[in-house]
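Position one of the sequence shown corresponds to residue 509 (the numbering used here), numbered consecutively onward. Note that the Cβ used here is the ideal one computed from N, Cα and C, for glycine as well. None of the values given here were measured: they were computed from a predicted structure.
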Amino acid sequence: MDILPSEFSVRRLYEAMTAIITPRPIAWVSTIDHEGVCNLAPYSFFNGVGANPPTLMFCPANKPDGTAKDTLANIRANGQFVVNIVTDETFAEMKHSALEVASEEDEFVLTGTEKTASSVVAPPRVSNVAAAMECELLTAMQLGVGPGGANLVVGKIVSIHLRDNVLDADGRVDPEKIATIGRMGGPRYTKTLDRFE
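Shown next as structure tokens:
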């Protein structure tokens, strides 16, 4: 079977792409609006871009009504965000934070997720995450319009928080100590515990 994107719905294309681009890391992004209301939402179109400058990207799709999600609106307004890394311990809260709620609702409160002040940026980070990257916006590009329209957010990492128990004796991240979660197709996830060289 060959799929020509012009002949399929956005939903069908999304389903195909997310079933074959796996596993995808999850950016659990925290932002804050001009009223001080925090937003916390997961995005699995996410990855690192480079180390010089330290840069990452994620892609929030538009809401079903074609408008920008709160995450993107907040980043466009104040130019800052935090990417919290999802592990086994934070999976339930992350999944709960994916629900669509009113913009005036704080997803930290909704999900019972504790927040901690960030070191450099205004949005808080999730308190118990293994790692979090505080970012300043480099660019936010609109790639598509309408429902599910893609947007690309690129951020410069200005501070990295690492929990002590994921470090080795030399202070480096030990891949064996950070049990990240990956997104598969549909409502499925995977644990990154089966490793080899």
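Outcome for residue i when other beta-carbon atoms lying within 10 angstroms are tallied against a minimum of 16
i, result
"MET602", "buried"
"ILE593", "buried"
"ILE540", "buried"
"PRO707", "The first residue shown for the chain is 509 and the last is 705, placing residue 707 beyond what the model contains."
"ASP578", "buried"
"ALA600", "exposed"
"LEU651", "exposed"
"PRO568", "buried"
"LEU701", "exposed"
"LEU607", "exposed"
"ASN547", "buried"
"SER538", "buried"
Cβ pair residue i, residue j closer than 7 Å
i, j, result
"LYS623", "GLU644", "no"
"ASN582", "GLY657", "no"
"LEU493", "PRO513", "With the chain represented from 509 up to 705, any question about residue 493 goes unanswered, as that position is not in the structure."
"VAL557", "GLU642", "no"
"ALA648", "GLN588", "no"
"GLY654", "GLY544", "no"
"ARG671", "ALA638", "yes"
"SER552", "ARG691", "yes"
Nonlocal neighbours in the same chain, by C-beta distance under 8 Å from residue i, ignoring five residues either side
i, result
"HIS542", "ALA585, ASN586"
"VAL609", "GLU615, LEU618"
"ALA576", "PRO568, ASN570, ARG584, ASN659"
Supposed contact pair residue j and residue i - C-beta distance, whole angstroms, cut 8 Å
i, j, result
"PRO550", "SER635", "About 17 Å; that fails the 8 Å criterion."
"PHE566", "VAL661", "6 Å"
"ALA524", "ILE511", "6 Å"
Cβ shell of residue i (< 6 Å), same chain only, five flanking positions each side left out
i, result
"ALA527", "GLY693"
"ALA640", "VAL590, ASN592, ARG633, HIS669"
"SER667", "SER627, VAL628, GLU642"
Contacts around residue i, its chain only, beta-carbon distance under 7 Å, and the 5 residues preceding and following it disregarded
i, result
"LYS699", "ASP596, ALA687, ILE689"
"ASP682", "VAL674, LEU675, ASP676"
"PRO572", "PRO655"
"GLU684", "none"
Opposing strand residues paired with residue i [DSSP bridges]
i, result
"ILE668", "MET641"
"LYS699", "ILE689"
"ASN636", "According to DSSP, ASN636 bridges with nothing at all."
"ARG556", "Note that residue 556 is Gly in the sequence shown, not Arg. In DSSP, GLY556 forms a bridge with LEU564."
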